[in-house]
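These protein sequence lines are chains V and R, in that order. Start counting the first sequence at 0; every next residue gets the next number (numbering that gives the first Met the number 0). Start counting the second sequence at 0; every next residue gets the next number (numbering that gives the first Met the number 0). By construction, the Cβ of each residue, glycine as well, lies at the ideal position given by its N, Cα and C atoms.
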Amino acid sequence: MSTKSSMGLRAQKTFNNVLTYFFLILLAVIILVPIFFVIVTAFKTDAEISFQNFQWLPHSLNFDAFKNAWELVNWPRAFANSLLITVIVVVGSLFFNSLAGYAFARLEFKGKEVLFIILLMGMMVPAQSIIIPQFIIMRSMPLAGGNNIFGAGGTGFLDSYASLILPFLSGPMGIFLCRQFYSTFPKSLDEAAKIDGCNSFKIYYSIYIPMSTTILATLTILKTVATWNDFFYPLIMTTSEAMKTVQLGLQTFKGSTTTHYNWLMAATLFTSLPIVIVYLCAQKYFVAGIATSGMKN
Amino acid sequence: MTASAAPTRVKKKKKSLTDSRLGYLMILPNYIIYTVFTLIPICWTIVMSFTNYNLKSYEFVGIQNYIDIFHDEIFLKSIWNTVYYFLLTIIPTMVLPLLLALLLNRKIRGRGFFRSLFYLPNILSMVAVSMAWSYLYNTQAGILNKMLAAIGLAPVPWVTDTKWAMISVAIMAVWQSLGYNAVLYLSGLQGIPDYLYEAATIDGANGVQQFFNITIPSLRPTTFFIFVMACIHSFEVFGQVYILTQGGPLNSTTTIAHQVYLNGFEYYKMGYASAEAVILLLIILVLTMVNMKGGNTDVD
Numbered sequence: 000m001s002t003k004s005s006m007g008l009r010a011q012k013t014f015n016n017v018l019t020y021f022f023l024i025l026l027a028v029i030i031l032v033p034i035f036f037v038i039v040t041a042f043k044t045d046a047e048i049s050f051q052n053f054q055w056l057p058h059s060l061n062f063d064a065f066k067n068a069w070e071l072v073n074w075p076r077a078f079a080n081s082l083l084i085t086v087i088v089v090v091g092s093l094f095f096n097s098l099a100g101y102a103f104a105r106l107e108f109k110g111k112e113v114l115f116i117i118l119l120m121g122m123m124v125p126a127q128s129i130i131i132p133q134f135i136i137m138r139s140m141p142l143a144g145g146n147n148i149f150g151a152g153g154t155g156f157l158d159s160y161a162s163l164i165l166p167f168l169s170g171p172m173g174i175f176l177c178r179q180f181y182s183t184f185p186k187s188l189d190e191a192a193k194i195d196g197c198n199s200f201k202i203y204y205s206i207y208i209p210m211s212t213t214i215l216a217t218l219t220i221l222k223t224v225a226t227w228n229d230f231f232y233p234l235i236m237t238t239s240e241a242m243k244t245v246q247l248g249l250q251t252f253k254g255s256t257t258t259h260y261n262w263l264m265a266a267t268l269f270t271s272l273p274i275v276i277v278y279l280c281a282q283k284y285f286v287a288g289i290a291t292s293g294m295k296n
Numbered sequence: 000m001t002a003s004a005a006p007t008r009v010k011k012k013k014k015s016l017t018d019s020r021l022g023y024l025m026i027l028p029n030y031i032i033y034t035v036f037t038l039i040p041i042c043w044t045i046v047m048s049f050t051n052y053n054l055k056s057y058e059f060v061g062i063q064n065y066i067d068i069f070h071d072e073i074f075l076k077s078i079w080n081t082v083y084y085f086l087l088t089i090i091p092t093m094v095l096p097l098l099l100a101l102l103l104n105r106k107i108r109g110r111g112f113f114r115s116l117f118y119l120p121n122i123l124s125m126v127a128v129s130m131a132w133s134y135l136y137n138t139q140a141g142i143l144n145k146m147l148a149a150i151g152l153a154p155v156p157w158v159t160d161t162k163w164a165m166i167s168v169a170i171m172a173v174w175q176s177l178g179y180n181a182v183l184y185l186s187g188l189q190g191i192p193d194y195l196y197e198a199a200t201i202d203g204a205n206g207v208q209q210f211f212n213i214t215i216p217s218l219r220p221t222t223f224f225i226f227v228m229a230c231i232h233s234f235e236v237f238g239q240v241y242i243l244t245q246g247g248p249l250n251s252t253t254t255i256a257h258q259v260y261l262n263g264f265e266y267y268k269m270g271y272a273s274a275e276a277v278i279l280l281l282i283i284l285v286l287t288m289v290n291m292k293g294g295n296t297d298v299d
């Protein structure tokens, strides 16, 4: 890592560092301006955002906007919905994905390669291109939501947790990452365990799972962000107030309060807060997440 | 299996049998869900695109939907909008993150802090980001126009003018993806072995020469990947348009995905929307194949 040493003069190096900081800070300001104004606007009074009396910064920390925004939507319910969906999707998909990832990495069965490639194809299918049949399938689930055994008569899984959870329990990305990760384990590990009389499932949960912290943490982060932030599925699949997720709550908000940008910014702030906290606590896994999921090779 | 070729033959055979059965069992939960919610819907979309299904009844109409969508000015507009969005975003999406990654790759203090900061917009939801920018972009009350006014410039009709609306959507997208792509470039940069630079320095190559002869060629897989993903993402633009502009003004920001949503779930022309969805699927399929081909020749 000592390449820079030959670049010579110390002055040159200092100059380069100053330039680096200059551009970094410039870009940081560009990134921060929108976030900064979301935060300050949330603390402004109605007067401070009005056209006539506009103030760049609030006079005091005023929480009225938060209070008003909090009353417009059933937020406790929305947060509970999002949390429940996120937890079940993360736990469920982690289990199913690592299970399948292990099978694809370590077990021999007919058609393995083909089955894996078919799964990978799913990574590229845009949600909007298959949403119509998904909607109909959800609506036609037999014996759910007032449906008869042929899936007719009721609303099926529509407007229920199932419609927001089920499709995401399978994840080509998760399987792919787990398979890649398990492929790096030495095969002798399996062989030793087999001699000791373990079957493959036991090897999976007593040897592979305990060694999977990195990959499972990375997947947890990826899945948590994706599920918490998902907007398209809840928009299509749910209708009732009681099933609203946080993103839907934030979205419906806009039409009713176009002039109250301070309320809107307050809502934007408190709906983003959980994910920002997760981000601050687990940053290294976010970076690991893109480094592994972004680059496929 | 071959390494432990000793004890009892019968037992070994039995074990490999259970292994293959376990293999199927272990991928089964995933495969059921994947089949029901991805594979079947893909086929179903294609079938439905030949019908006039409207949630109540359907009959087969042959390729009528395909004839109609290619005479539908709004759909054609949405394809153009998607391409336009791509053209607007592609250069900044490729160049700015590379510059940022080069800065972040230098051994300076606080580089972890900067990296976290630049990555932050990426973890925020599309709804939250669109909401924030809807305030920035508002023509009368918006922050951006207030800033322009403060330095004596005329207000810009960011999302209310057909010329500006897509540009505004694009600016927001570049802002949000900057850190993500920078981290991709950064991991690409860190994968370049130091001895290449050391050898070049010994040969007397300066920084600029090293950049164009070592850095850029070494980053080709990353660059290619970001390029293809940018193509694909352009065709999936929905949330930002749905919230920020509702596809307007005068359909100047409607996208293919937005059209599928509108026709399918607002007008319940599901057969028609399916034909549009099939076009979307085909475009992504072609792009993916290009990706795999390009990716392979690059790496191997």
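Contact annotation: I122(R) and F285(V) have beta-carbon atoms nearer than 9 Å.
In this structure, the straight-line span from the alpha carbon of G247(R) to that of T161(R) is close to 8 Å. In this chain, the alpha helix (DSSP H) harbouring I84(V) covers W74 to R105. For the region 241 to 253 of chain V, the beta-carbon criterion of a distance under 9 Å to any beta-carbon of chain R is satisfied by V245, Q246, L247, L249, Q250, F252 and K253.
If you check each beta-carbon in the region 226 to 238 of chain R against every beta-carbon of chain V, the ones closer than 9 Å belong to M228, I231, F234, E235, F237 and G238. Only buried fits S199(V), as 16 or more other CB atoms lie within 10 angstroms of its CB. For N16(V), the closest Cβ of chain R is nearer than 9 Å. Neighbours of L86(R) across chain V, judged by C-beta separation under 7 Å, do not exist; the nearest C-beta is about 20 Å away.
Linking E275(R) to A143(V) through their CA atoms gives a straight-line distance of about 30 Å. If the five residues before and after I274(V) are omitted, its C-beta is found closer than 8 Å to the C-beta atoms of T223, V224, W227 and N228, all from its own chain and listed in chain order.
Looking at the DSSP output, F59(R) sits in a beta bridge with T50(R). With 16 or more other CB atoms across the displayed protein chains lying within 10 angstroms of its CB, N96(V) is buried. Annotation: Y271(R) has no Cβ neighbours in chain V at a cutoff of 9 Å; minimum Cβ distance is about 10 Å. At a cut-off of 9 Å between C-beta atoms, F36(R) counts as an interface residue with respect to chain V.
Judged by DSSP in its simplified three-state form, L185(R) adopts helix. In this model, V207(R) and R76(V) are separated by some 57 Å (Cα to Cα).
Three or more beta-carbon pairs separated by less than 8 Å are not found between the region 104 to 112 of chain R and the region 281 to 295 of chain R, which leaves the two stretches without contact. When rounded, the separation of the alpha-carbon atoms in L71(V) and I87(V) is 27 Å. In this structure, DSSP gives C197(V) a state outside helix and strand, which the three-state scheme calls coil. With respect to chain V, the C-beta atom of P28(R) has a partner C-beta closer than 9 Å. With respect to chain R, the C-beta atom of Q127(V) has a partner C-beta closer than 9 Å.
Residues of chain R with a Cβ closer than 9 Å to the Cβ of A99(V) are, in chain order, M25, I26, L27, P28, N29 and Y30. Here the alpha carbon of W132(R) sits roughly 9 Å from the alpha carbon of G141(R).
Under the three-state reduction of DSSP, Q51(V) is assigned to coil, being neither helix nor strand. The three-state reading of DSSP puts A191(V) in helix, counting H, G and I together. At a cut-off of 9 Å between beta carbons, L75(R) makes no contact with chain V. In this structure, the straight-line span from the alpha carbon of P132(V) to that of S77(R) is close to 22 Å.
Think of a sphere of 7 Å around the beta carbon of G121(V): the chain R residues whose beta carbon falls inside it are Y33 and T37, in chain order. For F117(R), a Cβ of chain V is located within less than 9 Å of the residue's own Cβ. The closest CA to that of M165(R), considering only N144(R), Y136(R), L116(R) and L185(R), is found on Y136(R).
CA-CA distance, L24(R) to S273(R), rounds to 34 Å.
Straight across, the Cα-Cα distance linking N16(V) with T237(V) is about 52 Å. Burial of I202(V) is indicated by the presence of at least 16 other C-beta atoms within 10 angstroms of its C-beta.
Leaving aside the five residues that flank L147(R) on each side, the residues in its chain whose CB is nearer than 8 Å to its CB run, in chain order, A153, P154 and V155. Our two residues, G238(R) and K243(V), have alpha carbons roughly 17 Å apart in a direct line. Between the C-alpha atoms of L8(V) and F14(V) there is a straight-line separation of about 10 Å.
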